[in-house]
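Residue numbers (the UniProt record's numbering): 1 to 287.
Glycine included, each C-beta is placed from N, C-alpha and C at the ideal position.
All remarks here apply to the structure that follows.
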Ligand code: G3H
Ligand code: ZN
């Protein structure tokens, strides 16, 4: 069923596990993630970047596609449609399209402006029964045109935003979008701990989930992270599986060129990767 992310995240904080946000790009991606969630009985958040929304022709198409798939696939686990790294205008469009959750990424604004815009969007979300994620301190690297410097968040600014009544808070703690460089210093648990102490039961969000070592993921969950975003890792396994299929010449055997066959190995690789992450995050059986 389609729901806001509020309740699933509150349960995750109380139960000391995390919900995965997996980004979608098309029907196959969505079907793979919904299948993994249903088969493992995990609540799930489908992340949609503004770029991916545009690629799929618009947020209304995305929302209607997900709603129809949830119904026709008989999905029983809680599913949220969530705008990822949304601009102020993008948030407005997703609210209109019927998304159940949005992220307003105001990290590029001075804190006063981030506060003002976040406040305004919270009021709309409350009215619509949607959940809202805010961001303080930018996530390093680039994702779909959103570039961050990667500075650690100021815990006091995190408290300021948390106190507005957001449902989840993304804080930069040395995490980076995409592949981590060899010389990456790791997550700043000191910053995470300070943020958690000031924000209490606020579900914290860890972006850049691709390639973070398992022990760091577990420690982050212990320190209050209740939502973990994974995008690049699904893209990598999809590309690898598709390459393997083509390099083995399978697209030239019989009807191997049929897109339903050609995309199948990548689709299956996403299911396996998402299940692996759900297991790691501890969300299996929590639906
Ligand atoms: O917002 C989405 C993510 O933070 C995903 O990051 O591509 O590094 O897994 P990733
Ligand atoms: Zn992100």
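* Within the present structure, is the beta-carbon of residue 254 separated from the nearest heavy atom of the ligand ZN by less than 7 Å? -> Incorrect: residue 254 has no Cβ contact closer than 7 Å to the ligand ZN.
* Asked: Looking at residue 237 and the ligand G3H, is the gap between the Cβ and the nearest heavy atom below 7 Å?
  -> Checking every heavy atom of the ligand G3H against the Cβ of residue 237, none is found closer than 7 Å.
* Asked: What separation, rounded to the nearest whole angstrom, lies between the Cα atoms of residue 206 and residue 77?
  -> 22 Å
* Asked: Taking C-alpha atoms, which residue in 229, 45 and 30 lies nearest to residue 8?
  -> 45
* Identify, in the order they occur along the chain, each residue of the same chain with its Cβ nearer than 6 Å to the Cβ of residue 153, setting aside the five sequence neighbours on each side. => 136, 137, 171 and 172
* **Given 8 Å, three or more beta-carbon pairs between the stretch 194 to 210 and the stretch 155 to 167** => yes
* DSSP-derived helix/strand/coil call for residue 156 -> helix
* To do: Kindly list the residues whose CB is nearer than 6 Å to the CB of residue 296, restricted to its own chain and excluding five residues on each side of it in sequence; keep chain order.
  => The chain is shown from 1 up to 287; residue 296 falls before or after that span and cannot be answered.
* Please go through the same chain and pick out, in chain order, the residues whose beta-carbon is closer than 6 Å to the beta-carbon of residue 56, but skip the five residues on each side of it. => 62
* Asked: Going by the CB atoms, is the gap between residue 6 and residue 167 shorter than 8 Å?
  -> yes
* **Neighbourhood of residue 124 by C-beta, 7 Å cutoff - its chain only, sequence neighbours within 5 removed** => 95
* Measure the C-alpha to C-alpha separation of residue 245 and residue 236 and round it to an integer number of angstroms. => C-alpha separation (whole angstroms): 14 Å.
* Closer than 7 Å: is that where the CB of residue 133 sits relative to any heavy atom of the ligand G3H? -> no
* Asked: With distances taken between CB atoms, is the gap from residue 82 to residue 99 smaller than 8 Å?
  -> yes
* Asked: Quick one: what does DSSP say residue 216 is sitting in, helix, strand or coil?
  -> helix
* Inspect the beta-carbon positions of residue 185 and residue 204 and report whether they are closer than 8 Å. => no
* Asked: Just to confirm, does residue 84 get its C-beta within under 7 Å of one of the non-hydrogen atoms of the ligand G3H?
  -> yes
* residue 118 Cβ short of 7 Å to the ligand G3H heavy atom set -> no
* Within the same chain, show all residues whose beta-carbon is closer than 6 Å to that of residue 13, passing over the 5 residues directly before and after it, in chain order. => Once the five neighbours on either side are set aside, the close Cβ partners of residue 13 are 201, 203 and 226.
* According to DSSP, which residues form a beta bridge with residue 227? -> 19 and 205
* **Cα-Cα separation, residue 47 to residue 216** => 22 Å
* Asked: Any chance the CB of residue 207 is under 7 Å from a heavy atom of the ligand G3H?
  -> yes
* Based on Cα-Cα distance, which residue from 43, 87, 30 and 84 lies nearest to residue 64? -> 30
* Asked: So which of 53, 27, 224 and 54 has the shortest CA-CA distance to residue 70?
  -> 27
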